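Asker: Residue numbers (this note's numbering): -16 to 284. Beta carbons: idealized from backbone N, C-alpha and C, even for Gly. All figures in this text were calculated on a predicted structure; none of them were measured in a lab. Just dropping this structure here.
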């Protein structure tokens, strides 16, 4: 199989000795077996649940009782490709994906570490939060994850955080852009957090646009980058914000083609304004908590 894949973007086979004890130990909070690749939404739930608990490994080609069944070459290649795609949309960091051969049988795996605090909690593209309980993946309350993992302060001590919105202004070309920004405003209100949204085209006065954009981003701790209509300005503003260490939330209407390395970062895709609003609420809460924690750490340093 290595010969068949040598010219493709497929990792080299790992020695199987490390995975055998895991298989013998059976399914658990940190181990999940599947005989073949499940639907993408189920894979995302399992991987996210591992990240939100204590980490874990998904092994494809193994039966529920630990039988090493293996995958065909084509199935293994497809599984690797889809695991890469799912993980890149789920995590803002890379995970270990690869395959092993045991007695001529191919197993594909995805090893997920516990999510670093700065990226927790991990949610699916639908904004759903999952954890592992024994050998099961269970739905959990996202609010509990924010309180437990992000340590959001009580409302009495919450401070104001500014958010810069980078998006296309060509609403004459796409009227729905107006609805998308309103959805962002509703999400900010629904979060019940002291956050304010800034959009450069809504700023009054006579000024040099590029300089004003950088000044406004300098004032903000979070940036929402919406790639709908693929505006070049959004990519510029995103790059500047990342260079400053801003917490970034990437959004895009379903079907938008992401360019450059933005594909390597998690993007919240939405079909309409309502879905954008629903997905932004948990994303804003996580970003706010991260901004607060970062500022607190800077003071300690």
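Quick one: is residue 211 buried, meaning 16 or more other Cβ sit within 10 Å of its Cβ, or exposed?
Answerer: Residue numbering aside, residue 211 sits at position 228 when the chain shown is read from its first letter. Buried, since its Cβ has 16 or more Cβ neighbours within 10 Å.
Asker: Where does residue 194 fall in DSSP's three states?
Answerer: Sequence index remark: in the chain shown, residue 194 carries index 211 (1-based). Of the three classes helix, strand and coil, the one that applies to residue 194 here is helix, per DSSP.
Asker: Can you tell which of 116, 180 and 164 has its C-alpha closest to the C-alpha of residue 256?
Answerer: Counted from its first residue, the chain shown places residue 256 at position 273. When each option's Cα is compared against that of residue 256, the closest is 164.
Asker: Look at the alpha carbon of residue 16 and the alpha carbon of residue 120, and state the distance between them as a whole number of angstroms.
Answerer: Reading the chain shown from its first residue, position 33 is the one you call residue 16. Reading the chain shown from its first residue, position 137 is the one you call residue 120. Roughly 12 Å separates the two Cα atoms.
Asker: For a quick check, are the C-beta atoms of residue 73 and residue 30 less than 7 Å apart?
Answerer: The residue you call residue 73 lines up with position 90 of the chain shown. The residue you call residue 30 lines up with position 47 of the chain shown. Going by C-beta atoms, residue 73 is nearer than 7 Å to residue 30.
Asker: Below 7 Å between beta carbons: does that hold for residue 166 and residue 259?
Answerer: Taking the chain shown and counting its residues from 1, one reaches residue 166 at position 183. Taking the chain shown and counting its residues from 1, one reaches residue 259 at position 276. Yes, the Cβ-Cβ distance between residue 166 and residue 259 is below 7 Å.
Asker: Could you check what DSSP says for residue 283 in three-state terms: helix, strand or coil?
Answerer: Mapped onto the chain shown, residue 283 falls at position 300. Note that residue 283 scores a pLDDT of 47, beneath 50, so its modelled location is shaky and nothing firm can be said.
Asker: Going by C-alpha to C-alpha distance, which of 269, 232 and 25 sits closest to residue 149?
Answerer: Sequence index remark: in the chain shown, residue 149 carries index 166 (1-based). Nearest option by C-alpha distance: 232.
Asker: What span of residues does the beta strand (DSSP E) with residue 28 cover, start to end?
Answerer: Residue 28 sits at position 45 when you count from the first residue of the chain shown. Run containing residue 28: none in the beta strand (DSSP E); it sits in the alpha helix (DSSP H), 23 to 35.
Asker: Quick check on DSSP: helix, strand or coil for residue 252?
Answerer: Position 269 of the chain shown holds residue 252. Residue 252: strand per DSSP, three-state reduction.
Asker: If we ignore side chains and look at the alpha-carbon of each, how far apart do residue 240 and residue 215 end up?
Answerer: Position 257 of the chain shown, counting from 1, holds the residue named residue 240. Position 232 of the chain shown, counting from 1, holds the residue named residue 215. Separation of residue 240 and residue 215 (C-alpha to C-alpha, rounded to the nearest whole angstrom) is 13 Å.
Asker: What would DSSP say about residue 39, mapped onto helix, strand or coil?
Answerer: Position 56 of the chain shown, counted from the first residue, corresponds to residue 39. DSSP places residue 39 in strand when its eight states are reduced to three.
Asker: Along the chain, where does the beta strand (DSSP E) containing residue 90 start, and where does it finish?
Answerer: Locating residue 90 in the chain shown gives position 107, counting from the first residue. Per DSSP, residue 90 belongs to the beta strand (DSSP E) from 88 to 95.
Asker: Over what stretch of residues does the beta strand (DSSP E) that includes residue 81 continue unbroken?
Answerer: The sequence position of residue 81 within the chain shown is 98, counting from 1. Start and end: 79 to 85.
Asker: Based on the DSSP secondary-structure assignment, which residues constitute the bridge partners of residue 17?
Answerer: If you number the chain shown from 1, residue 17 lands on position 34. Partner(s): 43.
Asker: Between which two residues does the alpha helix (DSSP H) harbouring residue 102 extend?
Answerer: On the chain shown, residue 102 is found 119 positions in, with the first residue counted as 1. That residue, residue 102, is in no alpha helix (DSSP H); it is neither H nor E in DSSP.
Asker: Alpha carbon to alpha carbon, how far is residue 229 from residue 155?
Answerer: Here residue 229 corresponds to residue number 246 of the chain shown, with the count starting at 1. Here residue 155 corresponds to residue number 172 of the chain shown, with the count starting at 1. About 30 Å.
Asker: On the DSSP letters alone, give me the boundaries of the beta strand (DSSP E) that residue 170 sits inside.
Answerer: Position 187 of the chain shown, counted from the first residue, corresponds to residue 170. Where residue 170 is concerned, there is no enclosing beta strand (DSSP E), although the alpha helix (DSSP H) it sits in stretches over 159 to 173.
Asker: Between residue 5 and residue 14, which are expected to be in contact by the criterion C-beta below 8 Å, what is the C-beta distance as a whole number of angstroms?
Answerer: In the chain shown, residue 5 corresponds to position 22, counting from 1. In the chain shown, residue 14 corresponds to position 31, counting from 1. Residue 5 to residue 14, Cβ: 6 Å. Contact.
Asker: Under three-state DSSP, which class holds residue 2?
Answerer: Stepping through the chain shown from its first residue, residue 2 is reached at position 19. The answer is coil: DSSP assigns residue 2 none of H, G, I, E or B.
Asker: Pull up the distance between the alpha-carbon of residue 198 and that of residue 183, whole angstroms please.
Answerer: Translated into the one-based positions of the chain shown, residue 198 becomes position 215. Translated into the one-based positions of the chain shown, residue 183 becomes position 200. Their backbone Cα atoms lie some 10 Å apart in a straight line.
Asker: Note down the Cα distance separating residue 273 from residue 218, rounded to an integer number of angstroms.
Answerer: Residue mapping note: residue 273 aligns to position 290 of the chain shown, counting from 1. Residue mapping note: residue 218 aligns to position 235 of the chain shown, counting from 1. Taking the straight line joining both Cα atoms gives about 22 Å.
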